[in-house]
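What follows is a short report on a single structure.
Numbering (this note's numbering), first residue to last: 563 to 742.
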């Protein structure tokens, strides 16, 4: 769940919120917030989704989310809790069969986002908080990469991390390209 943003307890970052709303925020498909520990990433994300006055789901990444099946399953439960009436039956069947693999990650995230988009009557946000907890887990980051590449309105992502996010979102390049 999002952090409490009681007035007078946290600094309202009006300039940052105005900037994100104008140039890269509300009109942009996704918002990435990167900063060191204790600098208010989660609070800024909570302030940002609050000022949009749109429905949102908040999912805090855990180290167990390095496993893509756990990540997708727990994220699905969080979305069901945040958006009343939402269910992704096709994804539930895949997960219940227990035969999904890393290769199925993109298909499962596409199913999840397609069903979510069909369920939502208006633009809504999905906050993935503390992405740094994935560490260097390629399977966990593959879920995030799939969510980012498959997200379309009305679902928009807000991602927070203590480490840079974009290097994990760029498909791996062959070693020879990295050496040029």
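Just so it is clear, CB atoms sit at the ideal spot from N, CA and C, and this is done for glycine as well.
This one's a predicted model, so the numbers in the text were calculated from it and none came from an experiment.
DSSP has residue i in a bridge; who is on the other side?
i, result
"residue 657", "None, per the DSSP bridge assignment."
"residue 595", "722"
Specify the secondary structure class of residue i as computed by DSSP and reduced to three states.
i, result
"residue 689", "strand"
"residue 719", "strand"
"residue 634", "helix"
"residue 627", "helix"
"residue 604", "helix"
"residue 643", "helix"
"residue 695", "helix"
"residue 615", "coil"
"residue 609", "helix"
Report buried or exposed for residue i, applying the criterion of at least 16 other Cβ atoms within 10 angstroms of its Cβ.
i, result
"residue 714", "exposed"
"residue 599", "exposed"
"residue 667", "buried"
"residue 625", "exposed"
"residue 661", "exposed"
"residue 728", "exposed"
"residue 609", "buried"
"residue 630", "buried"
"residue 597", "exposed"
"residue 649", "exposed"
"residue 704", "buried"
"residue 698", "exposed"
"residue 723", "buried"
"residue 611", "buried"
"residue 659", "exposed"
"residue 647", "exposed"
"residue 628", "buried"
"residue 643", "exposed"
"residue 651", "exposed"
What is the residue span of the alpha helix (DSSP H) that residue i lies within?
i, result
"residue 674", "667-681"
"residue 619", "It is not in any alpha helix (DSSP H) - residue 619 instead sits in the beta strand (DSSP E) that spans 618-622."
"residue 707", "700-712"
"residue 730", "728-731"
So, does the CB of residue i fall closer than 8 Å to a CB anywhere in chain C?
i, result
"residue 658", "Among the chains of the structure shown, chain C does not appear; only one protein chain is present."
Three CB pairs or more closer than 8 Å across the stretch 683-696 and the stretch 657-673: no
Touch test, the stretch 689-704 against the stretch 621-637, Cβ-Cβ under 8 Å, three pairs minimum: yes
At least 3 beta-carbon pairs within less than 8 Å: the stretch 701-708 vs the stretch 639-647: no
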